[in-house]
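*Asks:* In the working numbering, the protein residues as written are 3 to 545.
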Amino acid sequence: MSLITIPESVADALEKYASQAGLTVSQFSLAVGLGAATLASIGIYLSSGNKNDTPYGPGPKGVPILGNAADLPKTDDYKVYASWAKKYGDFIYLTVLGQPIYLISSAKTAADLLDKRAMIYSDRPKMFFAQEMVGWKRTPVLTSSLDPKYTRYRKLFHNALRKERVRELAPLQEQSSHTMLKLILDKPDDWLAHIRYCIGAVITKLTYDYDMAPEGDEFVALAEKSADTFSQAAAPGAWMVDIFPWLRFLPSWFPGAGFKRTAAEWKAVNDYLHAKPYNTVKEQMAAGTHGGSVTSRLLTVRDGEPPLNAEEEDKIMWVVGAIYSGGADTTVAALTTFVLAMVLYPEAQRKAQDEIDRVIGSGKCVREGGRLPAISDRSRLPYVEALYQEVLRWHPVAPLGVPHRLTTEDKWGAYTVPKGSTVISNIWAMGHTEDDSDEFKPERQLYRAADAQDPREYVFGFGRRVCPGKELADAGVWLAIVTLLAAFKFGKKSDGKGGFIEVKEEYGTGIICHPKPFECSITPRASTSAELINTTFAADRDI
3 MSLITIPESV ADALEKYASQ AGLTVSQFSL AVGLGAATLA SIGIYLSSGN KNDTPYGPGP
63 KGVPILGNAA DLPKTDDYKV YASWAKKYGD FIYLTVLGQP IYLISSAKTA ADLLDKRAMI
123 YSDRPKMFFA QEMVGWKRTP VLTSSLDPKY TRYRKLFHNA LRKERVRELA PLQEQSSHTM
183 LKLILDKPDD WLAHIRYCIG AVITKLTYDY DMAPEGDEFV ALAEKSADTF SQAAAPGAWM
243 VDIFPWLRFL PSWFPGAGFK RTAAEWKAVN DYLHAKPYNT VKEQMAAGTH GGSVTSRLLT
303 VRDGEPPLNA EEEDKIMWVV GAIYSGGADT TVAALTTFVL AMVLYPEAQR KAQDEIDRVI
363 GSGKCVREGG RLPAISDRSR LPYVEALYQE VLRWHPVAPL GVPHRLTTED KWGAYTVPKG
423 STVISNIWAM GHTEDDSDEF KPERQLYRAA DAQDPREYVF GFGRRVCPGK ELADAGVWLA
483 IVTLLAAFKF GKKSDGKGGF IEVKEEYGTG IICHPKPFEC SITPRASTSA ELINTTFAAD
543 RDI
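#1: Which residues mark the beginning and the end of the alpha helix (DSSP H) in which phenylalanine 490 is found?
#2: So the beta strand (DSSP E) leucine 1 belongs to, where does it begin and stop?
#3: Per DSSP, what kind of secondary structure is lysine 413 in: helix, strand or coil?
#4: Grab me the residues of glutamate 508's own chain with a C-beta within less than 6 Å of its C-beta, minus the 5 sequence neighbours each way, in chain order.
#5: Give me the residue from Ala343, Asp476, Cys515 with the minimum Cα distance to arginine 380.
#6: What would DSSP say about alanine 435, mapped onto helix, strand or coil?
#7: Might you give, ordered along the chain, the residues of its own chain that have their beta carbon closer than 7 Å to the beta carbon of methionine 129, omitting 5 neighbours on each side?
#8: Return the residue from the list Lys491, Pro526, Pro375 that minimises the CA-CA distance to tyrosine 347.
#9: What separation, rounded to the nearest whole angstrom, lies between the Cα atoms of aspartate 359 and leucine 487?
#10: Taking the alpha-carbon positions, what's the threonine 206 to tyrosine 460 distance?
#11: Who are the Cβ neighbours of tryptophan 465 in its own chain at under 7 Å, not counting the five residues just before and after it?
#12: In the DSSP assignment, find the beta strand (DSSP E) that holds serine 427 and state where it starts and stops.
#13: Among Ile535, Phe246, Gly493, Tyr326, which one has its Cα closest to the Cα of serine 295?
#14: With H, G and I counted as helix, E and B as strand and the rest as coil, what does DSSP make of glutamine 455?
#15: Return the residue from the list Gln101, Gly218, Leu105, Val98 that minimises the CA-CA distance to glycine 91.
#16: Take alanine 482 as the anchor and find which of Lys269, Gly471, Gly403, Ser178 has the nearest alpha-carbon.
#17: Per the contact definition of three or more C-beta pairs closer than 8 Å, is the segment 187-202 in contact with the segment 164-171?
#18: State the Cα-Cα distance for the pair threonine 302 and alanine 277, rounded to the nearest angstrom.
#19: Hey, how far is the Cα of alanine 84 from the Cα of aspartate 438?
#20: Is the Cβ-Cβ distance between valine 505 and valine 345 less than 8 Å?
#21: Determine, using beta-carbon pairs with one atom in the segment 440-455 and one in the segment 304-312, whether at least three such pairs fall under 8 Å.
#22: Tell me whether the segment 133-144 and the segment 261-270 touch, counting them as touching only if at least three CB pairs, one residue from each stretch, are closer than 8 Å.
#23: Compare the beta carbon distance of lysine 317 and tyrosine 155 with 8 Å and say whether it is the shorter of the two.
#24: Could you tell me which residues DSSP pairs with isoleucine 106 in its beta bridges?
#25: From isoleucine 514 to tryptophan 255, what distance separates their C-alpha atoms?
#26: If you check the beta carbons only, do threonine 141 and alanine 324 fall under 8 Å apart?
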């Protein structure tokens, strides 16, 4: 949401005028920038008048200079925006310091604009902190659609995550789910760490042919840190430098410039996380010891193709890194939401487990034909499918998605949508249109009306920015859910005093929203469950 920038060509003049004023360059930049921003914002406000009467769209009236900055919520922003939709409709117009912003709360409206008009709605807003300072400008997720690299990124993603390749991963995903059950069986209190490890292990094997260690793996810690930094760095409106890019001229020691130190720390983590495994694959390929991965496939030059240059290799490195950073954290968030829902809604858990026992026989011992579910069972488990879809709807992992940017002026009904507008899809609101939407009810998916949308049609994003790994995520989350349901009972944990530790439905902030930490009880749900888990895990080791 860039408003004022200071071109590099005026650096000498800045130093001259700052010296004349008895100020440092940083102090002079701050004063000039604030004055320019104020004048620009006043001009924009006066030209727009009362927002409720403008042709730009309905929305809450702002104030001079700040626009709607004071209206933006600090917590549960997606819920606040959903409440605004009840008053203003599903197409809301705001401004923040002159930057036009649109909030879309309807899946149909989002599809009409972001899908059908993807040519002009697929850009990303300028996020100076995330893109320039932390270095995320090289990741496909934040690359501008106007950047020539973007088209190449999409082709690389398509090559890496083709549907047939995802289907080939089924045995690896199933083995990983069995490992997850074994780890949780042995150490149930560490269930979240086990889920994170097993999801990460599948993706690192896919992307780098890297075998992740169950405990103490450096890659796990770095990847978790990187995912968290992305979620925070790319959050709209979280960093003042995104609004006033000239703040980057402040020295790191200057009061209020702590963001520069934060950016430097996060950039170092991200650069290392992307480069280390990528370079390891290249070394293994050169030595003839690499077993095969997405990275090696993309690096392999076919007959008649020109050799890869440094720029092309950089694209490959960041595409592969995006598969991990984009896939692992979102999948973990979805599965944590699943566990939370099972603790809070035991009846839904029971119905799903009854279906699994009836169709698969997971409640039986191995000698009686008991087994764990597989991906091939999916079509025979409609209630489990409905439960999975309800997890996606109830608390989508990215409730506001990643913002889009309009590259040219557009018309939506009677409204003019200005060029450069930031467009935010309220994915949470799209799944909360019914009176009982806050309740977790798989039945709403099982008996969905013909005109109601499958949550998978909107939770993975829209248009050219739809998640390229959605097929992989869809299969992975469903499989983890069905195997966890087959093996364990989820409930509230005893407080040791005859009662139970209460579990609250609370979520953190950021682009990706995880449930806040909670305690729960996870136990084998049948007398045969431990045997089934151990036998299946041992059989995997013999393959």
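By construction, the Cβ of each residue, glycine as well, lies at the ideal position given by its N, Cα and C atoms.
Small disclaimer: the values here were computed from a predicted structure and weren't measured.
*Replies:* Taking the definition as stated:
#1: For the purposes of this step, residue 490 is identified with residue 488 of the sequence shown, where counting begins at 1. Not the alpha helix (DSSP H): phenylalanine 490 falls in the beta strand (DSSP E), residues 490-493.
#2: The requested residue 1 does not occur in the structure, where the chain is confined to residues 3 to 545.
#3: The residue labelled residue 413 in the question sits at position 411 within the sequence shown. Assigned with DSSP and collapsed to three states, lysine 413 falls in strand.
#4: Position 506 of the sequence shown, counting from 1, holds the residue named residue 508. Counting only residues of its own chain and dropping the five nearest sequence neighbours on each side, glutamate 508 has a CB closer than 6 Å to the CB of Lys518.
#5: As a position in the sequence shown, residue 380 is number 378, starting the count at 1. Measuring from the Cα of arginine 380, the nearest candidate turns out to be Asp476.
#6: Looking up residue 435 in the sequence shown gives position 433. Per the sequence presented here, residue 435 reads as threonine, with alanine not at that position. In the displayed model, threonine 435 falls within coil according to three-state DSSP, outside both helix and strand.
#7: Indexing the sequence shown from 1 puts residue 129 at position 127. Only Leu144, Ala236, Asp244 meet the Cβ criterion.
#8: Translated into the one-based positions of the sequence shown, residue 347 becomes position 345. Of the candidates Lys491, Pro526, Pro375, the one whose C-alpha sits nearest the C-alpha of tyrosine 347 is Lys491.
#9: For the purposes of this step, residue 359 is taken as the residue at position 357 of the sequence shown. For the purposes of this step, residue 487 is taken as the residue at position 485 of the sequence shown. Distance between the alpha carbons of aspartate 359 and leucine 487 is about 10 Å.
#10: Taking the sequence shown and counting its residues from 1, one reaches residue 206 at position 204. Taking the sequence shown and counting its residues from 1, one reaches residue 460 at position 458. Across the structure, threonine 206 and tyrosine 460 are spaced so that their CA atoms are roughly 27 Å apart.
#11: As a working note, residue 465 is residue 463 in the sequence shown. Here residue 465 turns out to be glycine, not tryptophan, going by the sequence shown. Within the same chain, Leu116, Asp117, Ala120, Tyr123, Ser124 come within 7 Å of glycine 465 by CB-CB distance, once the 5 residues on both sides are set aside.
#12: Numbered from its first residue, the sequence shown carries residue 427 at position 425. Following the DSSP letters along the chain, one finds serine 427 inside the beta strand (DSSP E) bounded by residues 424-427.
#13: Within the sequence shown, the letter at position 293 stands for residue 295. Of Ile535, Phe246, Gly493, Tyr326, the smallest CA-CA separation from serine 295 is found for Tyr326.
#14: Against the sequence shown, residue 455 aligns to sequence position 453. Glutamine 455: coil per DSSP, three-state reduction.
#15: In the sequence shown, counting from the first residue as 1, residue 91 sits at position 89. With distances taken between Cα atoms, glycine 91 lies closest to Leu105.
#16: Walking along the sequence shown from the start, residue 482 turns up at place 480. For the residues Lys269, Gly471, Gly403, Ser178, the minimum Cα distance to alanine 482 belongs to Ser178.
#17: No, they do not touch.
#18: Taking the sequence shown and counting its residues from 1, one reaches residue 302 at position 300. Taking the sequence shown and counting its residues from 1, one reaches residue 277 at position 275. For threonine 302 and alanine 277, the distance between alpha carbons rounds to 18 Å.
#19: Within the sequence shown, numbered from 1, the residue matching residue 84 stands at position 82. Within the sequence shown, numbered from 1, the residue matching residue 438 stands at position 436. Using only the alpha carbons, I get a separation of about 15 Å.
#20: In the sequence shown, the residue the question calls residue 505 occupies position 503. In the sequence shown, the residue the question calls residue 345 occupies position 343. Between valine 505 and valine 345, the CB-CB gap stays under 8 Å.
#21: The segment 440-455 is not in contact with the segment 304-312.
#22: Touching, yes, given that three or more Cβ pairs across the two stretches are closer than 8 Å.
#23: The residue given as residue 317 occupies position 315 in the sequence shown. The residue given as residue 155 occupies position 153 in the sequence shown. Taking a C-beta distance under 8 Å as the contact criterion, lysine 317 and tyrosine 155 qualify as a contact pair.
#24: For the purposes of this step, residue 106 is identified with residue 104 of the sequence shown, where counting begins at 1. Isoleucine 106 pairs with Phe93, Ser427.
#25: Against the sequence shown, residue 514 aligns to sequence position 512. Against the sequence shown, residue 255 aligns to sequence position 253. So the alpha carbons of these two residues sit roughly 31 Å apart.
#26: Here the question's residue 141 lines up with position 139 in the sequence shown. Here the question's residue 324 lines up with position 322 in the sequence shown. Yes, the pair counts as a contact, with Cβ atoms nearer than the cut-off.
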